[in-house]
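Step one of this worksheet: look at the structure below.
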Amino acid sequence: APSSRVSLTVNGSRRTVTVDNRTSLLDLLREQLGLTGSKKGCNAGACGACTVLVDGRRVNSCLTLTVRLEGAEVSTIEGLADGDELHPLQQAFMDEDAFQCGYCTPGQIMSGVGCIKEGHTGSPEEIREWMSGNICRCGCYVKIVRAVEQTAG
Ligand code: FES
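Per full-length UniProt numbering, the sequence shown runs over residues 62 to 214.
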């Protein structure tokens, strides 16, 4: 299959990769770069477990082709903490107990970071609406929204 070389930044590090042109960003992260924090739930854009930021915007990495990312800046859950210091939203998820099984949590947190950046945090309903692409099978939505709300201030 045709392949391409792509240079991009992942969590602040420049990476040049050679990928099959059909490789999703999610597979690049998990299989080639060893960043397994982003989860593969549905692999079809329906669950949000694979959410990362590309140039500051939320995307489902399972639907994002790596070949489209020349020069892009990708942020994943692995890059969120500052050394030993958790990102405020990570801390808020801990404080609020905003997860049970944890499978959706990296995607929820990256989506929450995007939601806060976008300013869609005026009310619990607004947060819920703008994070509606992130499914939680354990039903932790109330606590997830609370964690996002607290972090947004
Ligand atoms: Fe990408 Fe479900 S794995 S949206």
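Here a beta-carbon is modelled for each residue, glycine too, at the ideal position from N, C-alpha and C.
Everything numeric in this text was worked out from a predicted model, so none of it was measured.
Counting pairs of Cβ atoms below 8 Å between the region 101-114 and the region 179-199, do you hit three or more? yes
For the ligand FES, any of its heavy atoms closer than 8 Å to the Cβ of SER122? yes
I'd like to check one pair, THR127 with MET171: are the Cβ atoms closer than 9 Å? no
What are the complete beta strand (DSSP E) segments, minimum 3 residues, inside the region 121-208? 134-136
Rounded C-alpha distance that separates THR79 from GLN152: 36 Å
Assuming VAL209 contacts GLY173 (C-beta within less than 8 Å), just tell me the rounded distance between them. 4 Å
Leaving out five residues on either side along the sequence, give the residues of the same chain with a beta carbon under 8 Å from the beta carbon of LYS100. ALA110, CYS111, TYR164, CYS165, PRO167 and GLY168
Along the chain, where does the beta strand (DSSP E) that runs through THR70 open and close? 64-71
Please go through the same chain and pick out, in chain order, the residues whose beta-carbon is closer than 7 Å to the beta-carbon of ASN121, but skip the five residues on each side of it. GLY106, GLY109, CYS111 and THR112
For the beta strand (DSSP E) containing ARG75, list its first residue and its last residue. 74-81
CB of PHE160 within 9 Å of CB of CYS201, strictly: yes
Proximity winner among ARG66, ALA133 and CYS199, relative to CYS162 (alpha-carbon distances): CYS199
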